[in-house]
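Following: one structure in structure tokens, then a few remarks.
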Amino acid sequence: MAKLDYLLSILWLLRSHKKMTAEQLAERLELSVRTVYRYIDTLDMSGVPIISESGHGGGFRLPDSFLSVPLFFELTELKAMEHSALLARQADYPFTDALEKALTKIEHRLQESQLEDLRRHVGSIHIPLPSQSALLHLRLRELEQAIARRETLVLQYAKSFSGSVEERHIDPYGLIYRLGKWYLIAYCHQREALRVFRVDRMNSLSVTGRTFEMPEHFSVHDYMSRIHEYQDHNTKSKAKEPTLVTVRLQGRPEVLDTLCNQWFLQPYLVARSNDDEAEFRMHPDWMLQYMPYLLLSFGKGVKVLEPQQLRTVLSETARDLAAYYED
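For the sequence shown, my numbering assigns the number 1 to the initial residue and increments by one for each residue that follows.
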């Protein structure tokens, strides 16, 4: 066993026991007592606060404050954690303050030379921070708690640029962060199916007092993986799939920006020819299943230029909705 391995082993033994004598350490590590004392001196000189108690009942121990601190982190590990905190802040992660507090505790245990080296490396990467949204932080905390407690929620949800707000009763399953936006995967009671909601479009949120049972085998990771696999399959088949259709849209630049930035549409985006036009290539079945309802949520902010089939289905869907609400 290498010297470093013995040093780490001594620390682990002292962490897991209240107190150990040199003889006990020597027996556990199959070393001489003299070698144990030499390793203890090495740890002491490196800054590890080992307490030595002489006499009957004496031995070596670590202070209580040291027991709650991770033993060793390499520079690359510390750097990764510091950068993670910066990325968390950039993503409006709701528990960034707690993460930064934990890192501060670790930094307080570093030697000055280690801290200077860490700051030099961390300072080499700049991550611009977004405008801080206290409401978004609050909303994410509320959703995280509701997911953990399995609480059914009622929310007022704004449907994109159409200006309409709908009340939805949902069972929240999980949060995901993608392309600068937070999304909630939830079971929608109105649609009787899983839906993805943008957190920044939730105008209000409240608990209903009811709880739900999460499907036994549901996983947010698996759910997103299936979506990505479906998208990858469609993307890879573009070159050999003769039935792909071109969808050309025209609309307000800010509306098209939102559409083009939808993570589930990005694999199909072909071009953004003008500020007010965008072009997609997709399978007709996918287009007819998802695009009509998606485009209707943007109201008059977007218009289908082609294909005619999508224009027809969109018109029929709008008429059906109008007739439904006239009854």
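We treat Cβ as the ideally placed atom computed from N, Cα and C, and that holds for glycine.
Find out if the Cβ-Cβ distance for the pair residue i, residue j is shorter than 8 Å.
i	j	result
T317	L288	no
L205	L155	yes
L78	A88	no
T42	L7	yes
P292	D275	no
A358	L256	Given that the chain is displayed from residue 1 to residue 327, the structure contains no residue 358 and the question cannot be resolved.
L314	V304	yes
I176	V220	yes
F60	M20	yes
Y37	I10	no
Taking DSSP as the reference, what is the three-state secondary structure of residue i?
i	result
R89	helix
A318	helix
W286	helix
P215	coil
E142	helix
L43	helix
H17	coil
D276	coil
W12	helix
I50	coil
H169	strand
S204	strand
Q266	helix
K105	helix
Q190	coil
Q244	According to the sequence as given, residue 244 is Leu; it is not Gln. Residue state, collapsed to three classes: coil.
G209	strand
E151	strand
E30	coil
K303	strand
R226	helix
A98	helix
A2	coil
L115	helix
R38	helix
K181	strand
L7	helix
L175	strand
R311	helix
L110	coil
Relative to the alpha-carbon of residue i, which residue among the options has its alpha-carbon at the smallest distance?
i	options	result
E23	S32, R15, S16 and H17	S32
F264	V36, R198, A91 and D64	R198
M81	R119, Q262, L62 and R15	R119
K101	L86, E142 and S113	L86
P49	R150, G57, E74 and R15	R15
N261	W286, A2, L179 and T312	L179
L140	V122, H121 and T96	T96
R311	L13, S273 and V247	V247
Q114	S46, A146, T258 and S84	S46
S273	R149, G251, Y290 and H283	G251
R210	D200, R149, D5 and V165	R149
H17	S54, D44 and P63	P63
Q309	V196, D285, L4 and S164	D285
S307	E326, R319, H283 and K159	According to the sequence displayed, residue 307 carries Pro and not Ser. Nearest option by C-alpha distance: H283.
F212	R201, I227, A146 and Q190	A146
E30	S54, D5, E53 and A193	D5
T258	S52, L194, F298 and E112	F298
S164	L269, G55, N203 and E326	N203
V196	E142, L269, L294 and D117	L294
K300	R191, Q190 and K159	K159
Hey, residue i and residue j are a contact pair by Cβ (cut 8 Å); roughly how many whole angstroms apart?
i	j	result
D92	L136	5 Å
Y173	F218	6 Å
T208	T152	5 Å
I185	Y157	Not a contact, Cβ separation roughly 14 Å.
L244	R281	5 Å
P94	E144	7 Å
Answer with yes or no whether the minimum CB distance from residue i to chain C is below 8 Å.
i	result
H169	Of the protein chains in this structure there is only one, and it is not chain C.
Handout entry: the segment 102-109 touching the segment 164-184, judged by at least three CB pairs closer than 8 Å
Key = no
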